[in-house]
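Here's the structure, in structure tokens; my notes come after.
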Amino acid sequence: MGVSKAIRHAAVALGSILASAAAQADRLCDGYGGLPPGPDSLAGMVRIEGGAFTMGDDDERPEERRAHPVTVSSFWIDRHEVTNAQFRRFVAATGYVTMAERGLDPKDSPGIPAELLEPGSIVFHSPEDLRDLADVRQWWRYARGANWRAPLGPGSEIVGKNNHPVIHVAYQDALAYAHWLGHDLPTEAEWEFAARGGLDGATYSWGDRYFDPASGWKANTWQGLFPVKDSADDGYHGTAPVGCFGPNGYGLFDMAGNVWEYTKDWYVPGHPADAATDPGGPSESAAARHAGAAGPSVVIKGGSWLCAQNFCARYRPSARQPQELSLGASHLGFRTVHHAPDRP
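Quick note: the sequence shown uses my numbering, first residue 42, plus one each step.
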């Protein structure tokens, strides 16, 4: 490790210790009703001043390479993931019906198995007999009737979970919510810049150590052997209320863990190596060249409560994964951005 990097790491560690008490006091969690105060369209959002950072990571997964310099303009972003309470308000105002509730039209979804066309979504179940980690069908099931109101399927509900992130939303659902507010989904560059919280080059949004006993858990992730046993040492099995873990350097909650979050960028494996300013990601046609039967995918970021050290481990700002457009899941949500001018 070079001297300059060692100094940076030491400064990050010291900053993490000094910020720990303040972060504890700044949490939302159980006492929060899930709705930011005030009717303003920017309520609950944080202004991120534009700047330069290193996007991607050459030392992690292949799809995160190449690390390259990126500059983004200033923007506003939700302080926390969109909650059930926020999404319920949108549905009540518009009558919107999510894709999980209405199902898919076979004419618009060629190549999709018939059972996946019915109303429903993907739900996690711990397998009783784990063979290996190669077949994700051991813990993912398509549950007919599962949606944001009934996260485990018919008979389940979200009573008492107003402040949990909304799940089982497809990309189109997230985009519809954002547009209703006059917002948008973040580009991958905006999302990653915000997630880093000013710690350019750090492995996590809080520094370079996954877990520091002195400061405790930093995100809602899986502790134990995935997918068999989650010891829930961080206090949660499943989604946690937003804001239960300390904010990053920009005052943003849950930029790692809890639920994966949509971006608006099409997915291709890897980044261009060239420097860029406000990159909008690859074209849809480029994404289609890497797509399977479900068609081109978009980038999701941040990992979720299902990410463990022995599997996934993508609770890092540079981590990325493809997500098809028409399918939600019990570990997938979103937050929005707004490109408003400066406000006092």
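Beta carbons: idealized from backbone N, C-alpha and C, even for Gly.
In this text the structure is predicted, and so the values were computed from the model without any measurement.
In the DSSP assignment, W263 falls outside any alpha helix (DSSP H) and carries neither an H nor an E. R143 and T135 have their C-alpha atoms roughly 15 Å apart. Spanning the alpha carbons of S324 and A255 requires a straight line of approximately 45 Å.
Just so you know, the alpha carbons of P337 and C353 end up roughly 22 Å apart. Taking a C-beta distance under 9 Å as the contact criterion, P154 and S371 do not qualify as a contact pair.
In the three-state reduction of the DSSP assignment, E302 falls in the strand class, which pools E and B. A distance below 7 Å between beta-carbons, with the five flanking residues on each side excluded, links L158 to the following residues of its chain, in chain order: G144, L145, P147, S150. The beta carbon of W181 is closer than 7 Å to those of I163, F165 in its chain, skipping five residues each way along the sequence. Three or more Cβ pairs drawn from the region 105-117 and the region 307-321 lie within less than 8 Å of each other, which places the two stretches in contact. For the pair D295 and N203, the Cα-to-Cα distance works out to about 16 Å. By the neighbour-count criterion, in which a residue is buried when 16 or more other Cβ atoms sit within 10 angstroms of its Cβ, D173 is exposed. When secondary structure is reduced to three states using DSSP, W189 falls in the coil class, being assigned neither helix nor strand. Along the region 227-252, the alpha helix (DSSP H) occurs as fully enclosed runs of 4 or more residues at 229-237, listed in sequence order. Across the structure, R355 and G265 are spaced so that their CA atoms are roughly 16 Å apart. The region 296-383 contains, as complete beta strand (DSSP E) runs of 3+ residues, the segments 301-307, 338-342, 362-365 (chain order). Residue nearest to P227 within the set D119, N125, L373, P313 is D119 (criterion: CA-CA distance).
Exclusion of the five residues before and after R190 leaves no residue of its chain whose Cβ lies closer than 6 Å to its Cβ. For R129, the uninterrupted alpha helix (DSSP H) run begins and ends at 125-135, by DSSP. In this chain, R106 is not harboured by any alpha helix (DSSP H), its DSSP state being neither H nor E.
DSSP, reduced to helix, strand and coil, places Y291 outside both helices and strands of the structure shown, so it counts as coil.
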